[in-house]
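**Student:** Before I ask anything, let me first share the structure, which is written out below as structure tokens.
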Amino acid sequence: MGNKAITERDKDFAQWYTDVVRAAKLCDYSSVKGCMVIEPNGYAIWEKMQEILDKKFKELGHVNVAMPVFIPENLLKKEGELVQGFAPEVAWVTQGGSKDLEERLAFRPTSETLFCDYYKDHISSYRDLPKLYNQWCNVVRWEKETRPFLRSREFWWQEGHTIHATEEEAKKETDQMMEVYRWFHHEILAIPSVTGVKTEKEKFAGAEYTLTNEALMYNGVALQSGTSHYFGQKFAKAYDVKFLNKDNKQEYVYQTSWGTTTRMIGGLIMVHSDDYGLVLPPRIAPKQVVIIPIGDDEKVDKLCNEYKDKLSRAGIDCYIDNTDKSPGFKFAEAEVNGIPVRIEVGARDLAENKITVARRDTREKLTTEADTDIVTYVKVLLDTIQRDMYDRAKERRDKLTFEAHNLEDMERILNTQPGFIHAMWCGDEACENRIKEIKGCKSRCIVEDGERIDDKCVCCGKEAKHHVIWGIQY
RNA sequence: CGGGAAGUAGCACAGCUUGGUAGUGCACUAGUUUUGGGAACUAGGGGUCGCAGGUUCAAAUCCUGUCUUCCCGACCA
Numbered sequence: 032m033g034n035k036a037i038t039e040r041d042k043d044f045a046q047w048y049t050d051v052v053r054a055a056k057l058c059d060y061s062s063v064k065g066c067m068v069i070e071p072n073g074y075a076i077w078e079k080m081q082e083i084l085d086k087k088f089k090e091l092g093h094v095n096v097a098m099p100v101f102i103p104e105n106l107l108k109k110e111g112e113l114v115q116g117f118a119p120e121v122a123w124v125t126q127g128g129s130k131d132l133e134e135r136l137a138f139r140p141t142s143e144t145l146f147c148d149y150y151k152d153h154i155s156s157y158r159d160l161p162k163l164y165n166q167w168c169n170v171v172r173w174e175k176e177t178r179p180f181l182r183s184r185e186f187w188w189q190e191g192h193t194i195h196a197t198e199e200e201a202k203k204e205t206d207q208m209m210e211v212y213r214w215f216h217h218e219i220l221a222i223p224s225v226t227g228v229k230t231e232k233e234k235f236a237g238a239e240y241t242l243t244n245e246a247l248m249y250n251g252v253a254l255q256s257g258t259s260h261y262f263g264q265k266f267a268k269a270y271d272v273k274f275l276n277k278d279n280k281q282e283y284v285y286q287t288s289w290g291t292t293t294r295m296i297g298g299l300i301m302v303h304s305d306d307y308g309l310v311l312p313p314r315i316a317p318k319q320v321v322i323i324p325i326g327d328d329e330k331v332d333k334l335c336n337e338y339k340d341k342l343s344r345a346g347i348d349c350y351i352d353n354t355d356k357s358p359g360f361k362f363a364e365a366e367v368n369g370i371p372v373r374i375e376v377g378a379r380d381l382a383e384n385k386i387t388v389a390r391r392d393t394r395e396k397l398t399t400e401a402d403t404d405i406v407t408y409v410k411v412l413l414d415t416i417q418r419d420m421y422d423r424a425k426e427r428r429d430k431l432t433f434e435a436h437n438l439e440d441m442e443r444i445l446n447t448q449p450g451f452i453h454a455m456w457c458g459d460e461a462c463e464n465r466i467k468e469i470k471g472c473k474s475r476c477i478v479e480d481g482e483r484i485d486d487k488c489v490c491c492g493k494e495a496k497h498h499v500i501w502g503i504q505y
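Going by my numbering, 337 is the number at position 306 of the first sequence; the sequence numbering is gapless.
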């Protein structure tokens with residue numbers, strides 16, 4: 032049983048995902064491959080993500096700016112590694128409106144180059160540093176295979192770009208922003224992600240190192256969900272971003288960038304949702320409570336309005352479903368849309384001074400007194416749902432977390448049930464390539480200060496250097 | 001970018017083999033009765049059949065190309 036428009040999750044996970052996206056009206060396809068129309072329900076989640084993250088960024092001293100969508104070819108090509116890394120997926124604009132362009136323009140795949148080009152003329156002294164900039168924008172990467180939210184050719188994100196006077200300060204920024212992403216996933220999205228360092232092979236093109244936040248979906252496939260890069264002086268040298276330090280000497284700046292995208296919406300679905308549709312953790316749900324009046328009754332309407340006023344004043348996002356649909360329709364709709372708490376008010380219950388409250392995550396129906404302290408009741412319930420959702424996701428993640436000591440272990444696990452696989456690694460890229468031959472399994476991240484679960488590399492058997500988490504990714 | 005499937009009303013599909021007035025269900029609109037898990041009746045509205053060529057007196061139907069979507073692989077936030 033489940034929503035009639037949704038394929039069962041355990042039957043066909045990919046189709047289930049697409050069905051939930053459509054049934055909850057999060058986004059629709061457009062006439063351009065891989066470009067989506069984010070519908071009100073989906074955009075409201077993105078707005079909530081922006082609201083929470085933006086507040087956090089600003090508390091940490093960042094300011095927002097807006098850069099152009101276009102990057103001239105020459106500018107993009109100044110940093111060799113970045114160009115190489117992104118070349119296959121850059122979209123080029125080759126025709127202007129009236130006259131031929133002198134050179135091609137790239138639609139930004141990421142904006143390091145634009146920020147550098149700007150910074151170089153606006154920095155002269157260590158007193159001008161740091162610059163802690165962020166922008167909320169769209170970028171384009173011409174992907175071959177596309178999937179709503181998880182991989183689209185155009186996606187929305189925030190990209191933070193900072194420059195600092197010292198290596199130490201820039202590295203601290205890189206760590207700090209990864210911690211923000213970790214906090215956001217655990218505390219707000221109720222997703223028990225893991226964080227660590229990307230291997231040389233998997234790091235961002237042009238970075239000295241990349242920190243990553245990795246989430247595990249219900250089906251055991253990993254999703255990179257937030258990265259923070261330390262660039263050192265690589266871009267600064269390519270783009271000539273210099274400042275006069277305290278010793279009155281020219282020095283290149285130390286740079287970072289960090290980003291999270293609309294992909295997180297896909298992650299939310301794939302971690303928490305079920306056969307009845309979307310399930311949202313209360314802290315990220317645009318609407319936390321829906322009040323559904325049953326029957327045409329003056330007392331019922333009055334109580335609904337009273338609840339709404341009280342809850343709204345307490346800062347809880349709620350609304351009354353006053354449409355003339357049947358109660359059953361409203362229940363099902365609230366469910367497919369993932370509203371965490373549903374309050375059902377009807378004359379039958381009210382005669383006994385009762386109301387019914389349903390929680391979306393477990394689909395449990397609870398009964399309480401109509402004259403209960405509704406604000407406290409709902410607040411406690413929302414907190415409980417948030418915590419329970421995290422606990423269930425963590426339980427699932429732990430169930431899908433394995434340990435491998437040799438290639439046979441790896442193969443057995445990946446052929447049975449993919450997940451996070453902990454294994455030791457010698458540090459040789461050849462071993463990464465060998466492991467990738469097993470169902471495309473890649474290193475997710477190196478666990479910093481990870482315990483040594485073996486002395487030998489899982490692949491070649493030589494001395495192990497790092498504790499790495501491996502997995503199949505979206 | 002390779003392999004497979006599919007595009008006909010907002011959605012799900014029939015019609016195509018054998019060319020000849022574009023259909024069904026849900027959704028939508030109006031009215032009435034309803035309302036505790038996707039209400040009922042009555043009356044309505046909506047489609048250059050993905051797009052572009054071609055064959056033909058005539059194309060949703062046959063041919064060619066192209067775009068898009070889904071699934072499976074290679075590349076990626």
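Beta carbons are placed, not taken as given, at the ideal position from N, Cα and C, and that holds for glycine.
Work out the CA separation of residue 66 and residue 129 for me, nearest whole Å.
**Tutor:** Working through the first sequence from its first residue, we reach residue 129 at position 98. Working through the first sequence from its first residue, we reach residue 66 at position 35. Note that residue 129 scores a pLDDT of 36, beneath 50, so its modelled location is shaky; the value from the coordinates is reported in the next line. One C-alpha to the other measures close to 26 Å.
**Student:** Should residue 413 be labelled buried (16 or more other beta-carbon atoms within 10 Å of its own) or exposed?
**Tutor:** In the first sequence, counting from the first residue as 1, residue 413 sits at position 382. Counting Cβ neighbours within 10 Å, residue 413 comes out buried, since at least 16 surround it.
**Student:** Would you mind listing the alpha helix (DSSP H) stretches within the region 99-124 that are 4+ residues and don't spill past its ends, in chain order?
**Tutor:** Correct list: 104-107 and 111-117.
**Student:** Let's see if you can read the secondary structure: which residues bound the beta strand (DSSP E) around residue 288?
**Tutor:** Here the question's residue 288 lines up with position 257 in the first sequence. Note, residue 288: beta strand (DSSP E), 285-292.
**Student:** Quick one: measure Cβ to Cβ for residue 361 and residue 351, integer angstroms, because I've assumed they're closer than 8 Å.
**Tutor:** Position 330 of the first sequence, counted from the start, is the residue given in the question as residue 361. Position 320 of the first sequence, counted from the start, is the residue given in the question as residue 351. That belief does not hold up - the Cβ atoms of residue 361 and residue 351 are roughly 10 Å apart, past 8 Å.
**Student:** On the CB-based measure, 16 or more other CB atoms within 10 Å of its CB, does residue 368 come out buried or exposed?
**Tutor:** As a first step, residue 368 must be located in the first sequence, where it is residue number 337. Residue 368 comes out buried.
**Student:** If we count Cβ pairs, one from each stretch, closer than 8 Å, do we get three or more for the region 166-174 versus the region 134-147?
**Tutor:** With the cut-off at 8 Å, the region 166-174 and the region 134-147 touch.
**Student:** Quick test of your reading: residue 227 and residue 478, contact by CB under 8 Å. State the CB separation rounded to the nearest angstrom.
**Tutor:** The count along the first sequence starts at 1 and reaches residue 227 at position 196. The count along the first sequence starts at 1 and reaches residue 478 at position 447. That belief holds up - the Cβ atoms of residue 227 and residue 478 are roughly 5 Å apart, short of 8 Å.
**Student:** Specify whether the region 258-271 and the region 284-295 touch according to this definition: at least 3 beta carbon pairs, one from each stretch, less than 8 Å apart.
**Tutor:** Touching, per the Cβ criterion.
**Student:** Kindly indicate which three-state DSSP category residue 39 falls into: helix, strand or coil?
**Tutor:** Counting from one through the first sequence, the residue named residue 39 turns up at place 8. Reduced to three states, the DSSP call for residue 39 is coil.
**Student:** With DSSP collapsed to three states, give me the class of residue 32.
**Tutor:** Within the first sequence, the letter at position 1 stands for residue 32. Confidence is the limiting factor: at residue 32 the pLDDT is only 47, short of 50, which leaves the residue's position unreliable, though a coordinate-based value still follows. In the structure shown, residue 32 sits in coil (DSSP, three-state: anything other than H, G, I, E or B).
**Student:** Compare the beta carbon distance of residue 472 and residue 502 with 8 Å and say whether it is the shorter of the two.
**Tutor:** By 1-based counting over the first sequence, the position of residue 472 is 441. By 1-based counting over the first sequence, the position of residue 502 is 471. Contact flag set, yes.
**Student:** Taking 8 Å as the threshold (C-beta atoms), are residue 302 and residue 240 in contact?
**Tutor:** The count along the first sequence starts at 1 and reaches residue 240 at position 209. The count along the first sequence starts at 1 and reaches residue 302 at position 271. For residue 240 and residue 302, no; Cβs fall outside 8 Å.
**Student:** From 139, 499, 393 and 434, pick the residue whose C-alpha is nearest to that of residue 13; which is it?
**Tutor:** Missing from the structure shown is residue 13; the chain here goes from 32 to 505 and no further.
**Student:** Please list the terminal residues of the continuous beta strand (DSSP E) segment that includes residue 428.
**Tutor:** The sequence position of residue 428 within the first sequence is 397, counting from 1. It is not in any beta strand (DSSP E) - residue 428 instead sits in the alpha helix (DSSP H) that spans 405-430.
**Student:** Quick one: residues in its chain with C-beta nearer than 7 Å to the C-beta of residue 406, no 5 flanking neighbours on either side, listed in chain order?
**Tutor:** The sequence position of residue 406 within the first sequence is 375, counting from 1. 341, 342 and 345.
**Student:** Touching or not, the region 77-94 and the region 180-192, by the rule of three or more beta carbon pairs under 8 Å?
**Tutor:** These segments touch.
**Student:** Would you check if the distance between the CB atom of residue 247 and the CB atom of residue 253 is smaller than 8 Å?
**Tutor:** The count along the first sequence starts at 1 and reaches residue 247 at position 216. The count along the first sequence starts at 1 and reaches residue 253 at position 222. Yes, they are a contact pair.
**Student:** Hey, how far is the Cα of residue 32 from the Cα of residue 51?
**Tutor:** The sequence position of residue 32 within the first sequence is 1, counting from 1. The sequence position of residue 51 within the first sequence is 20, counting from 1. Its pLDDT being 47, under 50, residue 32 is placed unreliably in this model, and the value from its coordinates should be taken loosely. Residue 32 and residue 51: Cα-Cα distance of roughly 15 Å.
**Student:** What does the Cβ neighbour count give for residue 330, buried or exposed, with the cut at 16 atoms within 10 Å?
**Tutor:** As a working note, residue 330 is residue 299 in the first sequence. When all chains shown are included, residue 330 counts as exposed.
**Student:** Within 10 angstroms of its Cβ, does residue 326 collect 16 or more other Cβ (buried), or is it exposed?
**Tutor:** Indexing the first sequence from 1 puts residue 326 at position 295. Exposed, because fewer than 16 other Cβ atoms sit within 10 Å of the Cβ of residue 326.
**Student:** Sorted by chain position, which residues of the same chain lie with C-beta nearer than 7 Å to residue 197's C-beta, five sequence neighbours on each side aside?
**Tutor:** Working through the first sequence from its first residue, we reach residue 197 at position 166. Excluding sequence neighbours, residue 197 sits near 285.
**Student:** Let me know the secondary structure DSSP gives residue 215 once reduced to three states.
**Tutor:** The count along the first sequence starts at 1 and reaches residue 215 at position 184. Here residue 215 sits in helix by DSSP.
**Student:** Enumerate, from N- to C-terminal direction, the unbroken alpha helix (DSSP H) stretches of 4 or more residues contained entirely within the region 228-312.
**Tutor:** As far as the region 228-312 is concerned, its whole alpha helix (DSSP H) runs of at least 4 residues are 265-270 and 294-303.
**Student:** Determine the direct distance from the alpha carbon of residue 69 to that of residue 60, and round the result to whole angstroms.
**Tutor:** The residue you call residue 60 lines up with position 29 of the first sequence. The residue you call residue 69 lines up with position 38 of the first sequence. If I take the Cα positions, the gap works out to 9 Å.
**Student:** Whole-angstrom Cβ separation of residue 102 and residue 137, contact assumed at under 8 Å?
**Tutor:** Position 71 of the first sequence, counted from the start, is the residue given in the question as residue 102. Position 106 of the first sequence, counted from the start, is the residue given in the question as residue 137. About 5 Å separates the two Cβ atoms, so the contact holds.
**Student:** Which value, in whole angstroms, describes the spacing of the CA atoms of residue 27 and residue 403?
**Tutor:** Residue 27 cannot be examined here, being either before or after the span of the chain that is shown, 32 to 505.
**Student:** Would you mind giving the Cβ-Cβ distance between residue 306 and residue 39, rounded to the nearest angstrom? I have them listed as a contact below 8 Å.
**Tutor:** Here residue 306 refers to the residue found at position 275 when the first sequence is read from its first residue. Here residue 39 refers to the residue found at position 8 when the first sequence is read from its first residue. Between residue 39 and residue 306 the Cβ distance is about 5 Å, and since that is below 8 Å, they are a contact.
**Student:** Using a 10 Å radius around the Cβ and a threshold of 16 neighbouring Cβ atoms, would you call residue 453 buried or exposed?
**Tutor:** Here residue 453 refers to the residue found at position 422 when the first sequence is read from its first residue. That one is buried.
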